[in-house]
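The block underneath contains the structure these notes are about, expressed in structure tokens.
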Amino acid sequence: MSTPVEFKEGASLPTLKKNISQDNINLYAKASGDFNPIHIDADYARKTPLGGTVAHGMLILACVSQMMTNAFGRDWLSGGRLNVRFRAPARPGDVITVSGTIRRMEKGDGFQMIDCDILCRNQNNEPIITGDAKVKVGDK
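First residue of the sequence shown: 0, per numbering that gives the first Met the number 0; consecutive thereafter.
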């Protein structure tokens, strides 16, 4: 956990900024085994409706998960859930910012269920990913 989060409704989660480079995308392709040319072949991608290479959706989603891990640590890693929509592709050269807000909290017996709104935007403030996350915090 990098920055402690005050667990209350309306609280902002610590934001995460990431530079997306073609090198990042190529490394992710290697790690995931997803060598779709839309991600790694600039000549091919230029001829598609996307007009150039784009990052793997799961690479960007990993940034969302990293932001949640920074906020909730082990509680997120041991059972956090995401429900998201991909709104636009992230491209090499983009700087994405992942943010979240605690929308609702429910107390349980020794734990709290926390629902968060999630947003990932590019440097032009365009949404890349929107959605929500749920995490159980405290004794399980």
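All residues carry an ideal CB built from backbone N, CA and C; glycine is no exception.
Source: prediction; values computed, not measured.
Less than 9 Å separates the beta-carbon of Q122 from that of V94.
Closest in C-alpha terms to I117, from the list G79, Y27 and I24, comes G79.
Shortest Cα-Cα distance from K17 to any of D138, G137, A132 and R120 involves R120. Beta-bridge pairing by DSSP links I101 to C115. Within 10 angstroms of the beta-carbon of K7 lie fewer than 16 other beta-carbons, which makes it exposed. If you compare the alpha carbons of I128, R90, M57 and L81 with that of R45, the shortest gap goes to R90. Every unbroken stretch of the beta strand (DSSP E) spanning 3 or more residues and falling wholly within the region 1–86 is given here in chain order: 15–18 and 80–85.
In this model, A61 and L81 are separated by some 11 Å (Cα to Cα). Its chain contains I37 and P88 as the residues whose beta carbon lies nearer than 7 Å to that of L49, once the 5 sequence neighbours on both sides are disregarded; these appear in chain order.
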